[in-house]
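Below: the structure, in structure tokens.
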Amino acid sequence: MLASNVSLAQQISIQVYVNQTVPVTDLTPAQLRRIFTMRQTQWPNGEPIKVVVFKSQDPLHQQFAKNVLQLFPYQLERIWNRLIYSGQGERPVEVDSSVQMQRFISTHPGAIGYMPVTDTINDAHLIHVREDK
Amino acid sequence: MSKLRLALSLFMVINMTQAEEINWHGFIAQGLIQAKDSSFINKDGDISTELTEVGINASYQLSPELRLSGQAVYLNGGNRYPDGARLDYLFFDWSAITELDWQLNVHIGRYKNYHWLFSATRDVPHTRPSIILPQSIYFDAFRDIALGTDGIALKGSYNSQAGEFDFNWSYGSTDMPHQQTQYLFGEFATGQISNEYDHKASLYFRPLDTTFLAGINVIDSRFSYQQGANDAFMDGKASVQRVMLHLRYDSLNWSIMSELMQERVVYDQLLYPTFHSDTFSQGGYVQFNYHHNDAVQSFVRLDMVDLDKDNRSGSQREQLSGGLIPSYYGFMDDAVAGLHWQFATDWKLTMEYHKIKGRGRLAPVIIPDFANDTGKYWDMWAAQIMYWF
Chain A
10 MLASNVSLAQ
20 QISIQVYVNQ
30 TVPVTDLTPA
40 QLRRIFTMRQ
50 TQWPNGEPIK
60 VVVFKSQDPL
70 HQQFAKNVLQ
80 LFPYQLERIW
90 NRLIYSGQGE
100 RPVEVDSSVQ
110 MQRFISTHPG
120 AIGYMPVTDT
130 INDAHLIHVR
140 EDK
Chain B
325 MSKLRLALSL
335 FMVINMTQAE
345 EINWHGFIAQ
355 GLIQAKDSSF
365 INKDGDISTE
375 LTEVGINASY
385 QLSPELRLSG
395 QAVYLNGGNR
405 YPDGARLDYL
415 FFDWSAITEL
425 DWQLNVHIGR
435 YKNYHWLFSA
445 TRDVPHTRPS
455 IILPQSIYFD
465 AFRDIALGTD
475 GIALKGSYNS
485 QAGEFDFNWS
495 YGSTDMPHQQ
505 TQYLFGEFAT
515 GQISNEYDHK
525 ASLYFRPLDT
535 TFLAGINVID
545 SRFSYQQGAN
555 DAFMDGKASV
565 QRVMLHLRYD
575 SLNWSIMSEL
585 MQERVVYDQL
595 LYPTFHSDTF
605 SQGGYVQFNY
615 HHNDAVQSFV
625 RLDMVDLDKD
635 NRSGSQREQL
645 SGGLIPSYYG
655 FMDDAVAGLH
665 WQFATDWKLT
675 MEYHKIKGRG
685 RLAPVIIPDF
695 ANDTGKYWDM
705 WAAQIMYWF
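Encoded structure:
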């Protein structure tokens, strides 16, 4: 079992950001899981979701997968591969640096990504990660 | 093949008009394999290169709600299934409901089998748990029947207070070439099998805050056989009904997975006018993977199938055939050990060894090649290198 919800807030040193066009202010880990496993492809207003992540080997990505999505990174890879090679979806856009992450989220309508708490993105919305229902 | 050409033409047209909107992916894999005392791969039992899988896929977002997606593959698995190119899938994907806690997609066209743990990507080597999949569930002679159905599929998911639910439903039929008939019936069959319909439904549940996944799947398929010229078989019908359970648990350093099935197969006529056969087979596997690090995993698996749950030794079939078909054609148990090594990004090597008792999962199915495939025990090894993009 992965991190419980009780300790989730303490463990997260990562914040989730969306582009300013996205009409959502808070998401549960289950909803984030649907989005980052590429099964949720549109925001409620119909705008396509553009998911951006750091590369799988990046410690921040591994922490995000385990502590926020409550998935091991190898599970995420498995789910993305299943979607890609059975025609059901695409893998997320991958970036190498915080600068690229910031730029992608702020310039792509519908984008969602994550950053360390030490960094902020001024021209993007911060998502409050609330506990599952 | 005409459908394959149509699909490739369609992608080329789309590619020329909207190249920047297309997503491309593919894979290529080549291996060596040997099943010395069995015709599972080839008749002579020599080391074989008939372990080739190549695929290319593309998807195009026509609108926010509508996507077109297709994949063509070339497969060569020796005697396991007919070799050659196939249109693996080509379907429209309509996002009908896209709420944050509730989604529904409708697929129309040729879609994959979404219902089992590995069926959607069984030909994509780097996504598989092993080179040769557990034959109790993923019987290679049925590969073309289990996949690539033309029809309609629904995929839904729902987040609840208890956890996440995924459900799948599909209805359609599978195009079966004559070569497939001979794989199932043997070389004396000159007629043609048709799949009248294939109906599947599955439900998966992941409890909240866990990495445990459980699923159930039911299948109902009907087939007919039309006699050919100088045919050893006559017109007949067959039906297949399956119930399956799917389980998986993932931990940081290890995973365990299992799929279990009971299958009822009914044959009518086919051999002679009053012929009727109604049997229940049972089988399944358990696989344990240990993750040594991000690049290396080792695995062990036990896979077992009995073709008649009321006569697990196969003795009844031996008696009915007048001793021609040995009892060890009534079951197949396979113990496997292997290793996955992802030695570079997008590159992987898999090696495995199988020790097998019984011959119940060899093609052809109806009348096995009992003259050449003899002996209760046999073994097999395989090594395959794979690249994907």
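Listed in order, the protein sequences are those of chains A and B.
For what it's worth, the working numbering labels the leading residue of the first sequence as 10, then goes sequentially.
For what it's worth, the working numbering labels the leading residue of the second sequence as 325, then goes sequentially.
Here a beta-carbon is modelled for each residue, glycine too, at the ideal position from N, C-alpha and C.
Within chain D, partners of residue i - CB distance below 7 Å
i       : result
ALA74/A : No chain D appears in this structure, whose protein chains are A and B.
Endpoints, the beta strand (DSSP E) within which residue i is located
i        : result
ASN541/B : 536-550
ASP522/B : 516-531
ILE461/B : No beta strand (DSSP E) holds ILE461/B; DSSP gives it neither H nor E.
ARG434/B : 426-435
PRO146/A : With chain A covering only 10 through 142, there is no way to say anything about residue 146/A.
LEU144/A : What is shown of chain A runs 10 to 142, which leaves residue 144/A out entirely.
TYR495/B : 487-497
Helix, strand or coil at residue i according to DSSP, with G and I counted as helix
i        : result
HIS450/B : helix
ASP693/B : coil
MET628/B : strand
LYS561/B : strand
SER106/A : coil
LEU356/B : strand
THR505/B : helix
LYS367/B : coil
ASN9/A   : Nothing can be reported for residue 9/A, as the shown portion of chain A is limited to 10 through 142.
GLU345/B : helix
THR445/B : helix
ALA18/A  : Note that ALA18/A scores 43 on pLDDT, short of 50, meaning its location in the model is unreliable; the coordinates nonetheless yield the value given after this. ALA18/A falls in the helix class under three-state DSSP.
TYR113/A : Residue identity check: residue 113/A is Phe in the sequence provided, not Tyr. Three-state DSSP puts PHE113/A in a helix.
LEU11/A  : Bear in mind that the predicted position of LEU11/A carries a pLDDT of just 49, short of 50, making it too unreliable to give a figure here.
TYR711/B : strand
ILE680/B : strand
LEU576/B : coil
ASN381/B : strand
TYR653/B : helix
LEU663/B : strand
LEU78/A  : helix
ARG48/A  : coil
ASN403/B : helix
Range covered by the alpha helix (DSSP H) that runs through residue i
i        : result
ILE88/A  : 82-93
ARG641/B : 639-644
ARG467/B : 467-470
TYR614/B : First-last for TYR614/B: 600-615, but that is the beta strand (DSSP E), not the alpha helix (DSSP H).
GLN395/B : Taken as a continuous stretch (DSSP letters only), GLN395/B belongs to no alpha helix (DSSP H), being part of the beta strand (DSSP E) at 390-400.
ALA420/B : It is not in any alpha helix (DSSP H) - ALA420/B instead sits in the beta strand (DSSP E) that spans 408-423.
ILE44/A  : 38-45
Residue i vs residue j beta-carbon contact at 7 Å
i        : j        : result
GLN504/B : ASP468/B : yes
GLN565/B : GLN516/B : no
GLN448/B : LEU478/B : Note that residue 448/B corresponds to Val in the displayed sequence, not to Gln. Their beta carbons are not under 7 Å apart, which means VAL448/B does not touch LEU478/B by this criterion.
LEU441/B : HIS570/B : yes
GLY480/B : LEU537/B : no
LEU508/B : GLY560/B : no
TYR614/B : SER622/B : yes
ARG588/B : PHE604/B : yes
MET704/B : GLY684/B : no
GLY355/B : LEU375/B : yes
SER736/B : ASP697/B : The shown model of chain B, from 325 to 713, leaves out residue 736/B, and the question about it has no answer.
GLY539/B : SER548/B : no
TRP418/B : LEU390/B : yes
ALA74/A  : PRO82/A  : yes
SER454/B : GLY662/B : yes
Contacts of residue i in chain B (Cβ-Cβ under 7 Å)
i       : result
ALA39/A : ASN483, GLU488
Closer than 7 Å at the beta carbon, the chain A residues around residue i
i        : result
THR674/B : Under the 7 Å cutoff, chain A gives no residues; its nearest Cβ is about 15 Å from THR674/B.
ALA444/B : ARG91, SER95
GLU423/B : PRO53
Under 8 Å from the C-beta of residue i: neighbouring residues of chain A
i        : result
PHE458/B : Per the sequence presented here, residue 458/B reads as Pro, with Phe not at that position. Result: empty, since nearest Cβ-Cβ is about 17 Å, beyond 8 Å.
ASN381/B : ILE93, TYR94, GLY96
THR451/B : ARG87, ASN90, ARG91, TYR94
TYR413/B : SER95, GLY96
THR376/B : By Cβ distance, chain A contributes nothing, its closest Cβ being about 17 Å from THR376/B, past 8 Å.
ASP632/B : Those within 8 Å of ASP632/B in chain A number zero; the least Cβ separation is about 33 Å.
Partner residues on chain B for residue i, Cβ-Cβ distance less than 8 Å
i        : result
ARG139/A : Going along chain B, no residue has its Cβ under 8 Å from ARG139/A, so there is no contact; the nearest lies around 12 Å.
Closer than 9 Å at the beta carbon, the chain B residues around residue i
i       : result
PHE63/A : Correct list: empty, because the minimum Cβ distance to chain B is about 14 Å.
Proximity test, residue i beta-carbon vs the ligand MG heavy atom, cut-off 6 Å
i        : result
THR669/B : This structure does not include the ligand MG; it has no bound ligands of any sort.
Partners in chain A for residue i, counting only beta-carbon separations shorter than 9 Å
i        : result
PRO388/B : THR50, GLN51, GLY55, GLU56, PRO57
**Message:** Beta carbons nearer than 7 Å to chain A: which residues of the region 470-500 of chain B have them?
**Reply:** SER481, ASN483, GLN485, GLU488
**Item:** Interface residues of the region 342-367 of chain B facing chain A [CB-CB below 8 Å]
**Value:** ASN347, HIS349, PHE351
**Prompt:** When Cβ atoms are compared, which residues of the region 23-56 of chain A fall closer than 9 Å to chain B?
**Reply:** VAL33, LEU36, THR37, PRO38, ALA39, GLN40, ARG42, ARG43, ILE44, ARG48, GLN49, THR50, GLN51, TRP52, PRO53, GLY55, GLU56
**Message:** So if I threshold CB-CB distances at 9 Å, which residues from the region 93-126 of chain A count as touching chain B?
**Reply:** ILE93, TYR94, SER95, GLY96, GLN97, GLY98, GLU99, ARG100
**Asked** Just by C-beta distance, which residues in the region 600-633 of chain B are closer than 8 Å to chain A?
**Response** HIS615, ASP618
**Message:** To be precise: take each residue of the region 394-407 of chain B, compare its Cβ to all Cβ atoms of chain A, and keep it if any distance is under 8 Å. Which residues remain?
**Reply:** GLY394, GLN395
**Message:** Along the region 555-583 of chain B, where does the CB come closer than 7 Å to a CB of chain A? Name the residues.
**Reply:** ASP574, LEU576
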